[in-house]
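All residue numbers for the sequence shown refer to the working numbering, where the first residue is 2 and numbers rise by one.
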Amino acid sequence: MKKFDSKHMAFHVLVGLYFIWIVVFGVLMYVAIKNVYGQENIVLSQLFMKWIFLNLVMGSALFIVIRIFKNRTILNKIIFYSYILMAIAAIVTVMIVSNIK
2 MKKFDSKHMA
12 FHVLVGLYFI
22 WIVVFGVLMY
32 VAIKNVYGQE
42 NIVLSQLFMK
52 WIFLNLVMGS
62 ALFIVIRIFK
72 NRTILNKIIF
82 YSYILMAIAA
92 IVTVMIVSNI
102 K
């Protein structure tokens, strides 16, 4: 039987959490924009902006920890570009939500 390396398992768990974070963060930004163009609830918009900021911080922490592993595969590029895309989307979403008030 093959022995499992704990560092390798931790890397895969973190990558799995990262991709779950992308889905949750994308849904959060979608709901925030839908709130702006649908109901226009100001209190809910402020709450969404706080959640977006906190999710961006948590995603940044995941991204930094994954980068510590120094993985040099295609997965590294996918994670890097998806993080940049999500960060830009978060900035645009916050700008849209804050300007509609």
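Note that CB positions come from ideal geometry on N, CA and C, so glycine has one too.
Which whole-angstrom value describes the C-beta separation of residue i and residue j, a residue pair presumed to lie in contact below a C-beta threshold of 8 Å?
i	j	result
residue 46	residue 36	6 Å
residue 88	residue 30	The pair is not a contact, with the Cβ atoms about 11 Å apart (cut-off 8 Å).
residue 15	residue 63	6 Å
residue 80	residue 19	6 Å
Comparing C-alpha positions only, which one of the options sits nearest to residue i?
i	options	result
residue 107	21, 32 and 71	This structure leaves residue 107 out entirely; the chain is present only between 2 and 102.
residue 96	13, 14, 65 and 53	53
residue 49	68, 67 and 25	25
residue 93	23, 9 and 33	33
residue 17	51, 67 and 101	67
residue 12	73, 100, 101 and 82	73
Could you name each continuous alpha helix (DSSP H) segment of 4 residues or more that falls completely within the region 10-78, going from the start of the chain to the end?
-> 43-69
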